[in-house]
Amino acid sequence: MRSIVTTVIFFLVGLGAFAGGGGKKGGKHAVRPTDAASQLKLPTGFSAVTVVENFGKTRHIAVAPNGAIFVKLARLKDGKGIYRLEDTNGDGKADKISGFGTFPGTGMAIRDGYLYASSDEEVFRFKLDANNNVVDGDKPEKIVTGLLSRHEHEAKAITLDHSGNLFVNIGAYSNACQLADRQKGSPGQMPCPILDSAGGIWEFKADQPNQTYGTGARYATGLRNVVGFDWNTQTNSLFVMQHGRDQLSSLFPQYWNDKQSAELPAECMYELHKGSNCGWPYIFYDQIQHRQVLGPEYGGDGKKGPDKQYQDPIVAFPGHLAPNGLLFYTGNQFPEKYKNGAFVAFHGSWNRAPEPQAGYFVVFVPFNNGKPSGKWEVFADNFSGGPEKTASGRVDYRPCGLAQGPDGSMYVTDDTKGTIWKISYKK
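The opening position of the sequence shown corresponds to residue 264 in this note's numbering, with each subsequent residue numbered one higher.
Structure (structure tokens):
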């Protein structure tokens with residue numbers, strides 16, 4: 264069994280409000296506004312630059328070899344769903360911006376001279392020229408069509424390996440596959456019919472047009488929803504971050520109280536291989552007990568384990584933090600400890616009440632020889648704007664997408680206000 268890196272939830276003390284000198288107006292000190300970059304709390308030696316602000320719901324992001332940034336929007340901006348951002352003067356800020364594509368969505372990736380992007384039902388690709396400009400933004404090639412979208416966990420995150428394969432998340436349109444979804448005490452369906460076409464990762468050919476479920480293959484199953492995932496070139500395998508189930512205390516109060524429900528189940532990182540089964544909806548991973556627990560819809564009481572053993576996670580984070588981005592860092596700019604380690608962007612919780620909300624940060628997991636080699640740590644914090652905003656959930660920014668630039672810097676998106684940060688290191 265793989266080693267498990269676990270921890271119980273803790274509350275972070277964020278930065279206080281930033282105030283400037285600013286002079287006086289009306290007998291009171293004027294408050295100097297804080298820009299999005301200076302708000303972040305980063306380790307010593309790291310700094311951030313705001314690439315763009317107020318740009319819409321920026322989701323996933325990809326950076327071309329020449330530094331051109333492509334970002335996917337969850338909603339159209341001026342009729343466009345993808346934007347190309349370029350910094351022409353070297354200050355880190357985008358000063359050349361153009362949009363194309365008329366479909367919103369989440370997925371974004373670059374591989375072998377093509378830009379891949381997804382809507383909630385399809386995956387497209389655009390040919391890039393030698394300068395990493397899109398050849399024809401109005402006529403993308405459809406690679407996959409007809410994917411299931413039931414307006415819950417509909418985002419089609421994508422990634423590619425280096426052997427010509429495309430991987431697509433198809434999230435489950437359910438919390439735990441109950442007969443009556445999210446209804447108190449409702450039993451689970453056995454077997455869960457959703458797993459036929461959702462609740463897992465599907466594999467397709469990266470260069471074959473108009474593929475469907477019939478031409479693709481289910482690569483892994485038992486995953487409620489995956490938004491952050493990445494192909495690890497060191498292990499030559501697929502890693503994903505699962506969004507765990509909700510509402511243990513409200514649906515089954517006889518087994519869990521509100522505090523327990525706020526921390527459970529774990530948000531899990533899995534290393535997947537063809538045929539992997541991570542157990543949703545039949546089980547969830549309890550990071551406090553360090554084991555799989557049978558779901559209450561299937562006879563579990565918080566203590567019973569499953570009759571069948573499903574794949575264990577390799578890292579188990581506290582519950583309800585909503586991991587939306589995963590990036591294995593392969594650059595040389597950051598200190599050596601970050602090499603081949605994993606960054607995870609946590610979008611932040613909505614359902615830990617009456618306990619304080621949590622998340623809204625980017626964490627780092629050290630890896631050695633393809634395996635986690637230490638405890639995870641918060642890398643970039645204070646996206647929320649402070650501990651009070653974190654606790655309430657009414658935050659300034661929510662981290663979503665991650666990407667590595669050709670110079671080894673890291674980009675982070677926010678889908679609340681549409682901010683993109685470039686994080687760099689200098690000794």
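The C-beta atom is built at its ideal place from N, Cα and C for all residues, glycine as well.
Just so we're clear, the structure is a prediction, and the values are computed from it rather than from any experiment.
Taking C-beta atoms as the reference points, Asn587 and Cys531 fail to come closer than 8 Å. A check of alpha carbon separations from Asp383 across Asn395, His553, Gly370 identifies Gly370 as the nearest. For Val326, the number of other beta carbons within 10 angstroms of its own is at least 16, and it is reported as buried.
When rounded, the separation of the alpha-carbon atoms in Gln620 and Gly364 is 36 Å. Burial state of Pro516 is exposed, judged by a 10 Å Cβ sphere holding fewer than 16 other Cβ atoms. Where Pro662 is concerned, the enclosing beta strand (DSSP E) starts and stops at 662-667. At a Cβ-Cβ threshold of 8 Å, Ile345 and Lys356 do not count as neighbours. Residue range 673-677 is occupied by the beta strand (DSSP E) that includes Asp677.
In the three-state scheme derived from DSSP, where H, G and I count as helix and E and B as strand, Ile457 is classed as helix.
Along the stretch 536-563, the beta strand (DSSP E) occurs as fully enclosed runs of 3 or more residues at 546-549, 554-557, listed in sequence order.
Counting only runs that start and end inside the stretch 502-536, the alpha helix (DSSP H) elements of at least 4 residues fall at 511-514, 521-526. When beta bridges are read from the DSSP output, Glu640 appears opposite Phe627.
Sequence-distant partners of Pro669 (beyond 5 residues in either direction) whose C-beta falls short of 6 Å from its own C-beta, in its chain, are Pro328, Gly330. Taking the C-beta atoms as reference points, Gly594 is found no nearer than 8 Å to Gly491.
For Gln497, same chain residues with a beta-carbon under 6 Å away, outside a window of 5 residues either side, are Asn603, Gly633 in chain order. Of the candidates Val407, Asp375, Gly409, the residue whose Cα lies closest to the Cα of Ala393 is Asp375.
In the DSSP annotation of this structure, Glu404 is not part of any alpha helix (DSSP H); the continuous beta strand (DSSP E) holding it starts and ends at 404-407. Three or more beta-carbon pairs drawn from the stretch 433-442 and the stretch 402-415 are found closer than 8 Å, and the two stretches are therefore classed as touching. DSSP places Ala337 inside the beta strand (DSSP E), whose first and last residues are 332-340.
DSSP, reduced to helix, strand and coil, places Lys652 within a helical segment of the structure shown.
In the three-state reduction of the DSSP assignment, Lys685 falls in the strand class.
Between the stretch 453-463 and the stretch 399-408 there are fewer than three C-beta pairs closer than 8 Å, too few to call the two in contact.
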